[in-house]
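J.: The structure's right below; bear with me while I get my questions together.
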Amino acid sequence: MKLNTTPKIYNLKNDVIFNTFFSRKGNEEFLIDFLQALLKIEITKIEIREQVNLEKLARDEKGGRLDLQAQLNNGIIINIELQIKNENNMENRTLFYGAKTISREVKRGTDYKDIQQVIMINILDYQMLGFDEYVSETVTVLDNHREFEIIKGMKWYFIELPKFRKAHPDMNEKLNQWLAFIDDYDKGVIEMIERKNKTLERARVEMNYLTGDEEVRRLAELREKWEMDYADTMRKGREKGLAEGRAEGKIEGKIEGKIEGKIEGKIEIAKKLLKKGMGIEEIQEITELEKEKIENLMNNK
C-alpha cells in the first residue's frame, strides 16, 4: 500500500496560521484591509499588541486560547478570535474576555473618558445565532428607546462562516472577498477574487510562504493534534459518563424494585390481617407499615 506523502495544506481556519499570518511584521496591510471592510472605517495605522509567541505555544500552550489583539490609530482596541468548534460557551466567553481587555486598560489614576473602545470580533465556523445574516454587529440600547445607543465602550461582531457559504454573497464586496479567503471553501471563487483584489493576491503569496515554513507547519500540526485529542477526550468522557449513568440507573432500579416489592408484600399481609380483624397497632408492629397506610387499607376494604 502506497502512503500519501503529500503535505497537508493549511489555511486561515487553523488559528496558529491565522494569528501568525495577521500578526507577522510586514503583514499589517492585510489586517487593515480586512478590518476596514468589516468596520467601515478608515485605518491609517495598526499596532499588533499581542503576537503569537510560537515558542511559548510549543512549550506551554499547545491547547491554550489563541487570539489576536491590535490597536488602531484612533485608539480602538480590536480582539479577534477564530473558533472552529462549537463549545456552547461563546457568548459568555467573549463577554468575559472583553471585560478582561477593558480592565487591563485601566491603570491607577486612569480617567474613565480615556478608556478606549474595545471591539471583539468572533469568526465562527458554526452557526450560533438564529437568523440568516452571517455578520452580526451588537449595540447596547435603552429598553424604551431602542434608537438610542448607550455604553459604546464595547462592541461585538459575530461572523458565521457556514451562513456565509450558504448565502452566495456578492463577491464584488471586499468583506465577502476576505471571508471567502479565510473560509477557503471554494477554490474557483478564491482564484476569481484574488484576480480582482490585489491585496488578496499578495496575501496568497504570503500564505504560500507561511504554510511552507517548517516551524509554523509544525506548530499548526501541534495545534490540530491538540484539538483532535481534546475532542476525543471530551467524547470519551461523555461516553463514560453515560455508561456510568446507565449502570447506576440499573442498580438504583434494582434497589427501588426490591423496596417496592417488599412494600407490596407487606401491604398484602396487612390486608389479610385486617380481614381477620386484627387491630391497626398490631398490624403496624408486624408489617412496619405506617399507621396512615394501614388506616387507608382498612377504609378501602
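For the sequence shown, the residue numbers in the numbering used here are 9 to 309. We put the beta carbon where it would ideally sit given N, CA and C, even for glycine.
Would you mind stating whether Gly161 and Met128 have Cβ atoms separated by less than 8 angstroms?
T.: no
J.: Start and end of the alpha helix (DSSP H) containing Arg112?
T.: Run containing Arg112: Met98 to Glu113, per the alpha helix (DSSP H) assignment.
J.: Just checking, does the stretch 118 to 137 make contact with the stretch 82 to 97 on the three C-beta pairs under 8 angstroms criterion?
T.: Touching, yes, given that three or more Cβ pairs across the two stretches are closer than 8 angstroms.
J.: Going along the chain, which residues of its own chain have a beta-carbon closer than 6 angstroms to the beta-carbon of Phe26, five neighbours each way excluded?
T.: Excluding residues within five positions, the ones whose Cβ falls inside 6 angstroms are Leu20 and Leu90.
J.: Just checking: is the beta-carbon of Glu268 within a distance shorter than 8 angstroms of some beta-carbon in chain C?
T.: Reference to chain C is not applicable here, since this structure consists of a single protein chain.
J.: Just the Cα atoms here: how many angstroms apart are Lys174 and Tyr142?
T.: 9 angstroms
J.: Roughly how many angstroms separate the alpha carbons of Ile56 and Leu103, rounded to a whole number?
T.: 21 angstroms
J.: Taking a contact to mean a Cβ-Cβ separation below 8 angstroms, would you say Gln185 touches Leu169 in this structure?
T.: No.
J.: Let's test the definition: count the other Cβ atoms within 10 Å of the Cβ of Asn22 and tell me whether it reaches 16, buried, or not, exposed.
T.: Here Asn22 is buried: its Cβ has 16 or more other Cβ atoms, across all protein chains shown, within 10 Å.
J.: Around the C-beta of Asn4, are 16 or more other C-beta atoms found within 10 angstroms, so that it is buried, or is it exposed?
T.: It is not possible to answer for residue 4, since the shown part of the chain is limited to 9 through 309.
J.: Determine the direct distance from the alpha carbon of Ala188 to that of Asp194, and round the result to whole angstroms.
T.: Near 8 angstroms, if we compare the C-alpha coordinates of Ala188 and Asp194.
J.: Given 8 angstroms as the limit, is there contact between the stretch 145 to 153 and the stretch 195 to 206, that is, 3 or more CB pairs closer than that?
T.: Short answer: they don't touch.
J.: Determine whether the beta carbon atoms of Lys182 and Ala45 lie at a separation below 8 angstroms.
T.: yes
J.: Measure the alpha-carbon distance for Asn205 versus Met179 and round it to whole angstroms.
T.: 10 angstroms
J.: Specify the secondary structure class of Val147 as computed by DSSP and reduced to three states.
T.: In this structure, Val147 counts as coil in the three-state DSSP scheme.
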